[in-house]
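The structure appears right after this line, and notes come after that.
Below is the structure:
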């Protein structure tokens, strides 16, 4: 049985590509929306300077120029749509600006579209790294009240 609408969270990573591949193997849908969340460069710069303790310069982005992060997100999203179509989905793209966090943008978009399932890859970090870096996939799972297919990274060969 096919679902009506699937949301695929796509950031261009190998894990996100793997998630699309597995979704194509195990799921069917009438329509798939490939979502790429992005954060404006001015916010990225402010966050990074705050973490480093460096006082950010008085930088105001040029309103006439497109934000490089948005341009990059559109490129990444186009790739995700192409991969979703190769996986057999009737796919369309969507980029969304993060106002708080990536996981929140995913959950908010899933609610807005009223999707049947969310597909995402995971980073596969464990231990101390997992404690220090919150997982987008974990936060989506905890805050979303919809089915979620999480695809872990491939097993590393030793």
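Numbering (my numbering), first residue to last: 4 to 161.
Heads up, the beta-carbon is just placed ideally off N, CA and C, and yes, glycines get one too.
As the structure is a prediction and not an experimental result, all values here were calculated from the model.
Check	Outcome
Where residue 98 falls, given that 16 or more other Cβ within 10 Å makes a residue buried	buried
Contained beta strand (DSSP E) runs [length at least 3] in the segment 85-134, N- to C-terminal order	94-100, 120-124
Distance between residue 24 and residue 123 (C-alpha atoms, nearest Å)	11 Å
Best match in 143, 84, 117, 152 for proximity to residue 7 [C-alpha to C-alpha]	117
Beta-carbon spacing of residue 9, residue 109 below 8 Å	no
Straight-line Cα distance separating residue 111 from residue 78	22 Å
Extent of the continuous alpha helix (DSSP H) to which residue 144 belongs	139-146
Start-to-end residues for the alpha helix (DSSP H) that takes in residue 24	17-29
Proximity of residue 126 and residue 138 at Cβ, strictly below 8 Å	yes
Length of the line joining the Cα atoms of residue 34 and residue 104	25 Å
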